[in-house]
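**Student:** Can you keep this structure in mind? I'll have questions shortly.
Residue numbers (this note's numbering): 1 to 167.
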């Protein structure tokens, strides 16, 4: 992270850099406030690498553009497991419709019913956000179509995963 800190400090000069490095080095900082946490962006090909086919690789699944590490649910999401079709991609539509149909394994929510959208939110909040740590966001969630940053992007709040000592 030192290079990132240097880049952030950039024009602000060596004084700010020293202050940033000093705060970064304080051992009593158990976790950073979420605002400072770096946000990892996943392109579709990157996300596809975490599809549970490789033993020992983490398994990632995106819902609503939020990438969750579902490795702890390997018996559901791993190779040959019942929900393996959902992983390595944004499967928002499939989650909303409770469908594993390849046509539904997409971020696209066009034409979903009120009921499906409500079900999507329930599962997103009560299953994924409750059980699995967020590791990043799809580029679709962070960027606009033209590749510029989406200024409305806000990271999801997931306070119970901040302190690693709980596990």
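Backbone N, C-alpha and C fix where the C-beta goes; we use that ideal spot for every residue, glycine too.
1) Kindly confirm or deny that the segment 60-68 and the segment 107-127 touch, where touching means at least three C-beta pairs closer than 8 Å.
2) Give me, in chain order, the residues of the same chain whose beta-carbon lies closer than 6 Å to that of residue 112; leave out the 5 immediate sequence neighbours on both sides.
3) So is residue 152 buried or exposed if we call it buried at 16+ other beta carbons inside 10 Å?
4) Quickly, what does DSSP pair residue 104 with across the bridge? List them, please.
5) Helix, strand or coil: how does DSSP classify residue 59 here?
6) Do you know offhand how far residue 38's Cα is from residue 101's?
7) Who are the Cβ neighbours of residue 94 in its own chain at under 8 Å, not counting the five residues just before and after it?
8) Alpha carbon to alpha carbon, how far is residue 80 from residue 55?
9) Within 10 angstroms of the Cβ of residue 71, are there 16 or more other Cβ atoms? Answer buried if so, exposed if not.
10) Please classify residue 141 as buried or exposed, where buried requires at least 16 neighbouring CB atoms within 10 angstroms.
11) With DSSP as the reference, label residue 120 as helix, strand or coil.
12) How many whole angstroms separate the CB atoms of residue 58 and residue 51, which I take to be in contact at a CB cut-off of 8 Å?
13) Here's the rule: buried if 16 or more other CB atoms are within 10 angstroms of the residue's CB, otherwise exposed. What is residue 148?
14) Can you tell me the Cβ-Cβ gap for residue 116 and residue 134, rounded? I've got them flagged as a contact below 8 Å.
**Tutor:** Answer, in terms of the structure:
1) yes
2) 96
3) exposed
4) Looking at the DSSP assignment, residue 104 forms no beta bridge with any residue, so it has no partner.
5) The answer is coil: DSSP assigns residue 59 none of H, G, I, E or B.
6) 34 Å
7) 85, 86, 100, 101, 104, 105, 106
8) 12 Å
9) buried
10) That one is buried.
11) helix
12) About 10 Å separates the two Cβ atoms, so there is no contact after all.
13) exposed
14) Beta-carbon to beta-carbon, residue 116 and residue 134 are separated by about 23 Å, too far to satisfy the 8 Å threshold.
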